[in-house]
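S.K.:
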Amino acid sequence: MLSFDFAYARGSFHLDARAELAGGVTGICGPSGSGKSTLLLLIAGLLKPQSGQLRMDDEVLVDRARRVFVPAWQRHFGLVFQDGQLFPHLSVRDNLLYGHARLPPERRLLTFDTVLQLLEIGHLLERRPALLSGGERQRVALGRALLYSPRLLLLDEPLSSLDERLKQQILPFLKRVKDETRIPMLYVTHARAEVEFLADRVLLMERGRLGDETARIPANA
Amino acid sequence: MLSFDFAYARGSFHLDARAELAGGVTGICGPSGSGKSTLLLLIAGLLKPQSGQLRMDDEVLVDRARRVFVPAWQRHFGLVFQDGQLFPHLSVRDNLLYGHARLPPERRLLTFDTVLQLLEIGHLLERRPALLSGGERQRVALGRALLYSPRLLLLDEPLSSLDERLKQQILPFLKRVKDETRIPMLYVTHARAEVEFLADRVLLMERGRLGDETARIPANA
Amino acid sequence: AAPATEQPVRVFAAASLTDALNEVASQWKRAGHPQPSLAFGASSALAKQVEAGAPADLYASADLKWMDYLDQRGRIDSATRANLLGNTLVLIAPAGKAFKARMQPGFAIAAAFKGKLCTGEPGVVPVGIYAKQALEHLRWWQPLQGRIVGTDDVRTALAFVERGECGAGIVYATDARISGAVATVAAFPAQTHAPIVYPFALTRDARPEAAAFLRFLRSPQAAAIFRRHGFTVPKD
Amino acid sequence: MSPEETQALWLSAKVALCATAVCLPPAIALAWWLERRRFPGRFLIDALVQLPMVLPPVVPGYLLLLLLGTQGPLGRWLEATFGIVVAFTWKGAVLASAVMAFPLMVQPIRLAFRLIDARLEHAAATLGARPWRVFATITLPLAMPGLIAGCVLCFSRSLGEFGATMAFVGNIPGETRTLPLAIYSLTHVPDGEAGAMRLALLSIALAVAALLVSHWLGARAERRLGFSDHRAAHAEL
Amino acid sequence: MSPEETQALWLSAKVALCATAVCLPPAIALAWWLERRRFPGRFLIDALVQLPMVLPPVVPGYLLLLLLGTQGPLGRWLEATFGIVVAFTWKGAVLASAVMAFPLMVQPIRLAFRLIDARLEHAAATLGARPWRVFATITLPLAMPGLIAGCVLCFSRSLGEFGATMAFVGNIPGETRTLPLAIYSLTHVPDGEAGAMRLALLSIALAVAALLVSHWLGARAERRLGFSDHRAAHAEL
Ligand SMILES: Nc1ncnc2c1ncn2[C@@H]1O[C@H](COP(=O)(O)OP(=O)(O)OP(=O)(O)O)[C@@H](O)[C@H]1O
Ligand SMILES: Nc1ncnc2c1ncn2[C@@H]1O[C@H](COP(=O)(O)OP(=O)(O)OP(=O)(O)O)[C@@H](O)[C@H]1O
Ligand code: MOO
Ligand SMILES: [Mg+2]
Ligand SMILES: [Mg+2]
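Line order of the protein sequences matches chains A, B, C, D and E.
Numbering of the first sequence is given in this note's numbering, commencing with residue 243 and proceeding in unit increments.
Numbering of the second sequence is given in this note's numbering, commencing with residue 243 and proceeding in unit increments.
Numbering of the third sequence is given in this note's numbering, commencing with residue 22 and proceeding in unit increments.
Numbering of the fourth sequence is given in this note's numbering, commencing with residue 208 and proceeding in unit increments.
Numbering of the fifth sequence is given in this note's numbering, commencing with residue 208 and proceeding in unit increments.
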């Protein structure tokens with residue numbers, strides 16, 4: 243599935259990560275500032291590693307030695323940013339549909355209504371992002387990435403601002419997404435419980451280094 | 243201490259809150275979109291209630307009937323925004339010192355070094371906010387408000403993006419702040435554990451209404 | 022108090038006098054006087070500035086109207102007013118594209134050249150006023166309707182002809198002489214338009230030095246310079 | 208209003224509007240290029256754009272004449288290839304205005320591009336939007352206030368443009384005599400002041416109308432962009 | 208370079224610099240006022256600011272002459288009260304340039320103020336910063352790219368200003384004959400083209416120098432404001 247081995251430096255921060263991931267959900271944990279978000283940006287194609295490669299299945303997405311760099315918009319990976327990054331000039335509806343609307347119908351893995359319902363954002367559709375609460379914003383960002391039906395979903399602390407009830411509702415939904423659509427996910431979180439519920443394995447990030455798999459969790463934990 | 247009874251409406255959302263709070267830490271919990279952040283903004287003076295009053299000790303800060311509205315900068319309340327709101331053009335150091343530097347020394351309840359050390363942000367001082375990780379940003383925002391030594395501290399999910407280790411370090415620090423400086427706090431969070439550790443009481447916010455106190459937790463829980 | 026050293030004379034003069042007055046001024050300087058300060062512009066703008074109290078000792082207009090304007094408002098010393106110079110109106114063409122023209126009514130001017138005819142805005146800018154009078158007098162105005170391009174001063178008209186943008190132009194003889202890129206087709210006979218005169222006068226607040234300079238402008242030495250630049254110098 | 212005045216009014220409106228329309232696409236392209244791409248010679252292009260502003264308007268006007276007059280190389284080519292004659296026509300007046308006003312349009316658009324949070328563009332890329340779609344759906348709408356400010360400056364400058372127009376296309380009633388040229392003519396006549404004043408008032412009325420439109424567009428854009436939301440979401444203080 | 212050319216060059220530099228300096232404080236104040244306050248008559252003020260642009264430059268020039276000439280009401284008052292004479296002095300040239308360039312400075316500053324996230328200003332207020340401190344430490348620094356763009360436009364426009372200067376203070380050597388006026392004078396002498404070209408090149412050199420300074424300031428501001436950080440923090444793509 244996804245495999246990478248690359249290095250990236252920014253100022254005094256050095257990231258050096260290598261992994262080969264099978265499908266399913268890979269949890270990524272690690273202290274604040276260890277490089278988790280940076281790793282997701284590198285995979286998404288928003289940062290360019292200084293050296294190394296990135297491959298998805300048989301497709302080479304990055305190979306600095308051979309000057310290959312597939313840009314973000316061609317990778318068809320979905321990314322849920324830590325801080326949402328909703329488009330301020332578009333309504334919640336248009337934010338949600340931004341990636342979805344352009345997909346050929348047969349590539350859409352989720353319907354608009356399912357996502358609305360499970361994330362409880364149906365009443366916000368005509369609203370602008372500036373008028374949303376923190377948790378609402380986070381749900382819209384998650385919905386936007388899900389509706390894009392990506393072939394890999396990168397999630398950066400997607401539930402951090404949500405209350406328990408919503409978490410308990412969205413986590414099973416993500417699990418369903420994982421089981422039904424088989425979209426592989428990289429899931430960054432600080433919450434042990436989320437990882438334990440959702441992830442097939444957990445990688446530990448520490449000072450820019452991705453540790454070996456620390457735990458293999460049975461799929462139905 | 244702090245008492246308020248006011249109403250505020252924005253679009254279809256109506257907030258109607260009444261409470262009299264003693265000192266110490268008051269936890270505020272409630273579902274996403276229930277109005278917790280809005281309540282903090284109203285208390286901070288960044289939103290104007292449509293009617294009602296707000297009082298701190300004997301000082302009337304808002305009384306719409308008598309056209310009293312003390313602006314935010316005169317209230318000396320500290321606010322940690324849900325999304326940080328660090329000043330992008332100032333270094334971390336200047337962000338931290340923004341409120342602190344202007345205080346007469348005798349009103350400073352915490353030293354710069356203490357805060358740096360406990361939030362583990364000493365190595366970031368010369369950095370710009372754009373180059374910080376999510377958790378680093380959150381810690382700087384918290385430090386900035388703490389260093390302002392406010393007479394009331396309003397915290398909007400201040401630890402949501404932090405890993406367990408940091409949480410376990412910062413929570414006791416906040417408790418020390420509470421015990422030593424006696425700064426009263428309003429603490430919005432989704433994490434039961436945080437509330438249980440820190441708060442003297444918990445208020446429940448639901449659909450814009452602040453419930454009665456739901457629990458009185460012994461100070462040393 | 023005794024007058025200090027001689028002050029430079031301040032002259033506000035029509036732009037078409039630029040070259041000639043510059044030369045007269047250097048002569049004046051060579052005669053041991055301070056270099057006069059020469060400010061050039063459109064006669065209209067200068068008149069309004071003098072009216073508004075501009076630091077000018079001497080005003081030289083390209084037409085009578087604006088001198089009258091100041092005279093009526095008491096801004097000039099009427100006693101010193103004199104039409105020092107005259108000019109001739111000429112028909113020009115781009116160099117190498119000169120055509121023949123008989124300067125009399127009945128000549129088929131419309132067929133004589135191709136393209137537009139440029140001059141100062143007819144009836145408004147001084148040169149355009151004279152041009153319109155002349156064209157009407159020669160009954161060329163009607164046949165040229167729609168082909169006349171007005172400009173805000175003679176120089177723009179000249180530039181249009183120089184560049185070959187206009188097949189013909191009407192400017193002053195002095196302007197035609199400045200440019201190597203135009204050919205003079207013919208001069209308009211004097212009776213086809215009002216006399217082209219340049220009135221000079223001291224302003225009401227003129228410094229004493231200015232009178233001497235004005236006298237110098239009327240000297241044979243200055244007259245020679247003016248003539249060399251194509252002006253006519255009428256005998257008083 | 209006399210027929211000449213009406214004529215000058217409509218001509219001015221047409222010329223200023225066309226100049227704004229002509230400037231907008233290249234201004235957007237250039238602003239984007241200067242702002243988002245680092246390339247050698249960037250500074251030179253930047254300086255070149257600014258050029259018509261720093262010279263007295265007759266100079267660019269004269270250069271246009273050399274280049275685009277019926278005898279100019281570009282002018283001949285235009286006429287031979289497309290049958291378009293700009294010399295001494297209102298199209299030339301549009302061109303003169305456009306050249307003079309172009310730098311005024313580029314600057315605010317650049318500024319807006321600079322102030323947009325690039326991360327939003329990146330977010331769009333992660334949703335499969337190719338560069339041109341990112342530009343059309345994210346960058347351009349977010350830069351709308353800059354576009355409007357640029358258009359306002361460009362339109363106003365075009366309305367007032369005098370020197371370059373005069374030098375390039377002259378003062379031909381009904382063809383190139385815009386309000387400024389008509390006003391200038393009147394300053395040459397001793398009692399022209401009243402007429403000049405009337406024309407100046409017409410210019411002002413035209414500008415005010417344009418400003419009203421821009422305000423309306425601006426308010427719409429603000430609403431669409433949620434600037435007002437931000438303000439609303441935090442305090443009237 | 209002839210002494211006259213040097214004189215015109217320095218005069219132009221002085222006038223454009225002073226005009227920019229004179230415009231900056233009121234432009235900032237007005238931009239803030241128009242952008243951040245809703246008051247009746249706001250639209251009127253907005254239109255008034257735009258006014259000098261939409262008229263041919265002679266008109267504002269003449270109005271200045273009427274108002275500030277030695278005989279004008281304001282001119283007399285200025286002279287009586289402060290002993291300042293602007294009519295037919297370089298100070299008047301500064302004024303003429305400032306009036307013409309003022310709208311160009313206001314627009315980009317307004318734009319920058321509009322695009323600033325108001326929540327940052329509110330965050331500063333919750334840290335005890337009173338309004339003027341918020342303005343000085345948050346609003347103004349964040350608006351720096353707008354200030355720079357405004358100054359560039361203002362300086363360039365002042366360098367090229369011809370019509371209003373000519374009408375207000377005339378073409379007096381050494382006092383008000385800036386580069387554009389000197390160029391005008393040269394168009395009236397035989398073989399003046401070469402000289403005009405030299406002066407035009409001097410104008411351009413001056414503008415390029417100003418642009419270099421603005422680029423340097425802009426780069427500094429970008430670094431300080433962390434725009435480049437944003438770009439760096441997400442991808443060179
Ligand atoms: N220009 C720079 N110089 C030095 N360090 C930098 C620079 N830019 C970013 N960093 C550092 O890179 C590290 C990785 O940041 P990243 O956002 O990937 O962390 P993270 O693991 O997502 O943390 P969090 O859990 O707090 O979101 C941080 O420590 C950050 O301070
Ligand atoms: N203009 C508006 N019209 C209608 N509702 C609005 C408007 N602006 C904000 N709201 C709503 O106000 C509610 C309160 O928002 P607030 O940010 O206070 O919630 P919160 O309790 O902090 O939620 P979270 O835990 O998700 O941060 C939200 O439901 C939001 O959608
Ligand atoms: O006033 Mo003039 O002499 O036509 O330029
Ligand atoms: Mg992160
Ligand atoms: Mg909230």
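Every residue, glycine too, gets a C-beta built ideally from N, C-alpha and C.
Apart from the five residues just before and just after residue 237/D, which ones in its own chain have a Cβ nearer than 7 angstroms to its Cβ?
M.R.: The sequence position of residue 237/D within the fourth sequence is 30, counting from 1. Contacts found: 256, 313.
S.K.: Whose beta carbon lies closer than 5 angstroms to any heavy atom of ligand 1, going through the chain in order?
M.R.: Counting every residue whose Cβ lies closer than 5 angstroms to a heavy atom of ligand 1, we get 252/A, 253/A, 254/A, 255/A, 274/A, 275/A, 276/A, 277/A, 278/A, 279/A, 280/A, 373/B, 375/B, 376/B, 377/B.
S.K.: State the beta-bridge partners of residue 104/C as determined by DSSP.
M.R.: If you number the third sequence from 1, residue 104/C lands on position 83. Partner(s): 220/C.
S.K.: Which residue comes first and which comes last in the beta strand (DSSP E) that contains residue 351/E?
M.R.: Looking up residue 351/E in the fifth sequence gives position 144. No beta strand (DSSP E) contains residue 351/E, which is instead part of the alpha helix (DSSP H) from 351 to 367.
S.K.: Is residue 216/B close to ligand 2? I mean its beta-carbon at under 7 angstroms from any heavy atom of the ligand.
M.R.: There is no way to answer for residue 216/B, as the model of chain B reaches only from 243 to 463.
S.K.: Would the beta-carbon of residue 43/C fall within 8 angstroms of that of residue 59/C?
M.R.: If you number the third sequence from 1, residue 43/C lands on position 22. If you number the third sequence from 1, residue 59/C lands on position 38. Taking 8 angstroms as the Cβ cut-off, residue 43/C and residue 59/C qualify as a contacting pair.
S.K.: Relative to the alpha-carbon of residue 340/A, which residue among 305/D, 336/D, 277/D, 290/D has its alpha-carbon at the smallest distance?
M.R.: Counting from one through the first sequence, the residue named residue 340/A turns up at place 98. Comparing Cα-Cα distances from residue 340/A to each of 305/D, 336/D, 277/D, 290/D, the minimum goes to 336/D.
S.K.: Along chain D, in chain order, which residues have C-beta atoms closer than 7 angstroms to that of residue 250/A?
M.R.: Taking the first residue of the first sequence as 1, we reach residue 250/A at position 8. Residues of chain D with a Cβ closer than 7 angstroms to the Cβ of residue 250/A do not exist, since the nearest Cβ in that chain sits about 16 angstroms away.
S.K.: Which partner residues does residue 60/C have in the DSSP bridge list?
M.R.: Here residue 60/C refers to the residue found at position 39 when the third sequence is read from its first residue. Paired residues: 33/C.
S.K.: Just mark residue 254/A as buried or exposed, buried being the case when its beta carbon has 16 or more other beta carbons within 10 Å.
M.R.: As a first step, residue 254/A must be located in the first sequence, where it is residue number 12. Result: exposed.
S.K.: Please classify residue 427/D as buried or exposed, where buried requires at least 16 other C-beta atoms within 10 Å of its C-beta.
M.R.: Walking along the fourth sequence from the start, residue 427/D turns up at place 220. Counting Cβ neighbours within 10 Å, residue 427/D comes out exposed, since fewer than 16 surround it.
S.K.: Assign residue 373/E to one of two classes, buried (16 or more other C-beta atoms within 10 Å of its C-beta) or exposed (fewer than that).
M.R.: The count along the fifth sequence starts at 1 and reaches residue 373/E at position 166. By the 10 Å Cβ count, residue 373/E comes out buried.
S.K.: With C-beta atoms as the reference, is residue 293/B less than 8 angstroms away from residue 309/B?
M.R.: Along the second sequence, read from residue 1 onward, the residue named residue 293/B stands at position 51. Along the second sequence, read from residue 1 onward, the residue named residue 309/B stands at position 67. Inclusion of residue 293/B and residue 309/B in the CB contact set at 8 angstroms is not warranted, their separation being larger than that value.
S.K.: Return the chain-ordered list of same chain residues with a C-beta closer than 8 angstroms to the C-beta of residue 442/E, the five sequence neighbours on each side being excluded.
M.R.: The count along the fifth sequence starts at 1 and reaches residue 442/E at position 235. The predicted model places residue 442/E with a pLDDT of 47, which falls under 50 and marks its position as unreliable, so this point remains unresolved.
S.K.: Taking Cβ-Cβ distances shorter than 7 angstroms, what residues in chain E pair up with residue 36/C?
M.R.: Reading the third sequence from its first residue, position 15 is the one you call residue 36/C. Within chain E, the residues near residue 36/C are 395.
S.K.: Going by beta carbon distance, what residues of the same chain come within less than 7 angstroms of residue 430/D, once the five residues before and after it are set aside?
M.R.: Start at 1 with the first residue of the fourth sequence, and residue 430/D comes out as number 223. No residues qualify anywhere along the chain.
S.K.: Along the chain, where does the alpha helix (DSSP H) that runs through residue 278/D open and close?
M.R.: Position 71 of the fourth sequence holds residue 278/D. Note, residue 278/D: premise wrong, no alpha helix (DSSP H); not H, not E.
S.K.: Express the C-alpha separation of residue 353/E and residue 366/A in angstroms, rounding to a whole number.
M.R.: As a working note, residue 366/A is residue 124 in the first sequence. As a working note, residue 353/E is residue 146 in the fifth sequence. Taking the straight line from one Cα to the other gives about 35 angstroms.
S.K.: Is residue 447/B near ligand 2 - that is, is its Cβ less than 7 angstroms away from at least one heavy atom of it?
M.R.: Here residue 447/B corresponds to residue number 205 of the second sequence, with the count starting at 1. Residue 447/B: yes, Cβ under 7 angstroms from ligand 2.
S.K.: Going by C-alpha distance, which of 302/A, 329/A, 279/A, 315/A is nearest residue 382/A?
M.R.: Taking the first residue of the first sequence as 1, we reach residue 382/A at position 140. Cα-wise, what sits closest to residue 382/A is 329/A.
S.K.: Examine chain A for any beta-carbon lying closer than 8 angstroms to the beta-carbon of residue 303/D, and answer yes or no.
M.R.: Looking up residue 303/D in the fourth sequence gives position 96. At a cut-off of 8 angstroms between beta-carbon atoms, residue 303/D makes no contact with chain A.
S.K.: Under a Cβ-count criterion, where at least 16 other Cβ atoms within 10 Å of its own Cβ denotes burial, should residue 445/A be classed as buried or exposed?
M.R.: Indexing the first sequence from 1 puts residue 445/A at position 203. Classification of residue 445/A: buried, given that the 10 Å Cβ count is 16 or more.
S.K.: Let me check one thing: in DSSP terms, what residues is residue 191/C bridge-paired to?
M.R.: As a position in the third sequence, residue 191/C is number 170, starting the count at 1. Residue 191/C is bridged to 112/C.
S.K.: What are the boundary residues of the alpha helix (DSSP H) that includes residue 295/B?
M.R.: Along the second sequence, read from residue 1 onward, the residue named residue 295/B stands at position 53. Residue 295/B -> not in any alpha helix (DSSP H); beta strand (DSSP E) instead, spanning 293 to 298.
S.K.: Determine the chain D residues that contact residue 411/E at a beta-carbon separation under 7 angstroms, and present them in chain order.
M.R.: As a working note, residue 411/E is residue 204 in the fifth sequence. Under a criterion of Cβ atoms nearer than 7 angstroms, the residues of chain D adjacent to residue 411/E are, in order, 258, 261.
S.K.: Compare the Cα-Cα distances from residue 319/A to each of 287/A, 279/A, 337/A and report the closest residue.
M.R.: Taking the first residue of the first sequence as position 1, residue 319/A is located at position 77. Of the candidates 287/A, 279/A, 337/A, the one whose C-alpha sits nearest the C-alpha of residue 319/A is 287/A.
S.K.: Can you look up residue 270/A in the DSSP assignment and give me helix, strand or coil?
M.R.: For the purposes of this step, residue 270/A is taken as the residue at position 28 of the first sequence. Strand.
S.K.: Would you give the residue range spanned by the alpha helix (DSSP H) that residue 205/C belongs to?
M.R.: Mapped onto the third sequence, residue 205/C falls at position 184. Where residue 205/C is concerned, there is no enclosing alpha helix (DSSP H), although the beta strand (DSSP E) it sits in stretches over 203 to 208.
S.K.: Would you report the Cα separation of residue 372/A and residue 343/E, rounded to the nearest angstrom?
M.R.: Position 130 of the first sequence holds residue 372/A. Position 136 of the fifth sequence holds residue 343/E. Straight-line Cα distance between these residues: approximately 26 angstroms.
S.K.: Could you check whether the Cβ of residue 213/D sits closer than 8 angstroms to any Cβ belonging to chain A?
M.R.: Mapped onto the fourth sequence, residue 213/D falls at position 6. No, because no Cβ of chain A sits closer than 8 angstroms to the Cβ of residue 213/D.
S.K.: In angstroms with no decimal places, state the Cα-to-Cα distance between residue 297/B and residue 263/B.
M.R.: The residue given as residue 297/B occupies position 55 in the second sequence. The residue given as residue 263/B occupies position 21 in the second sequence. Rounded to whole angstroms, residue 297/B to residue 263/B spans 11 angstroms at the Cα level.
S.K.: Beta-carbon separation of residue 400/A and residue 322/A under 8 angstroms?
M.R.: Taking the first residue of the first sequence as 1, we reach residue 400/A at position 158. Taking the first residue of the first sequence as 1, we reach residue 322/A at position 80. Cβ atoms of residue 400/A and residue 322/A: closer than 8 angstroms.
S.K.: Can you tell which of 220/E, 263/E, 247/E has its C-alpha closest to the C-alpha of residue 404/D?
M.R.: Taking the first residue of the fourth sequence as 1, we reach residue 404/D at position 197. Here the closest residue by C-alpha is 263/E.
S.K.: Just reading off the beta strand (DSSP E) that residue 246/B is part of, what are its end residues?
M.R.: Locating residue 246/B in the second sequence gives position 4, where the first residue counts as 1. Element bounds for residue 246/B: 244 to 252.
S.K.: Between residue 398/A and ligand 4, is the CB less than 7 angstroms from at least one heavy atom?
M.R.: On the first sequence, position 156 is the one that residue 398/A refers to. Checking every heavy atom of ligand 4 against the Cβ of residue 398/A, one is found closer than 7 angstroms.
S.K.: Listed from N- to C-terminal order along the chain, which residues in the stretch 322 to 353 of chain E have their beta-carbon within a distance smaller than 7 angstroms of any beta-carbon of chain D?
M.R.: 322, 324, 325, 326, 329, 352, 353
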